[in-house]
Structure formats: C-alpha cells, structure tokens
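In what follows, a structure is listed as structure tokens, so that the remarks can point back to it.
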C-alpha cells in the first residue's frame, strides 16, 4: 500500500469510528448474497424499532443511508 492509501484508510476508519457504537472490527466471516425477499421490509422495520428502542436518540440514522455512508468511506 502507498502512503496516500494508508492515510485515506486511516481517515476512513476515524470517520467510521465517529458514528459506530463500540469498536470498529474487521468482518472476516463469509458473506452470502441472496435474491430479494419481499419479507425484508417488514424484517427491517422490526429490527429498526429494536435498535431505536435500545439506542434512542443516539440512533440518528437507521437504514440504507448507512450503506451509502460506509461505501463512501471504505475505499
């Protein structure tokens, strides 16, 4: 890796840590991609409510915006 890449990676990790709950840890498990399931919106709503009930006002954003945010910072 180059210095520029290392520096960008470090800044990305800092930005992510600012919005994370807990420590930022690498994901080393297998990821399985599935076809769309029409049940997902209901499951998402259920999980979003659970997260909000635990984090309250700390959970300023629950949803697909996080995916866009993390993709921007995980160059």
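Numbering (the UniProt record's numbering), first residue to last: 1 to 75. Cβ coordinates follow ideal geometry from the N, Cα and C atoms, glycine included.
Span separating the alpha-carbon of residue 54 from that of residue 40 | 21 Å
May I ask you to report which of helix, strand or coil DSSP gives residue 24?
-> coil
Keeping to the same chain, check which residues put their C-beta closer than 7 Å to that of residue 13; ignore five residues upstream and five downstream.
-> 24
Close-in-space but distant-in-sequence residues of the same chain around residue 17 (CB under 6 Å, 5 per side omitted) | 24
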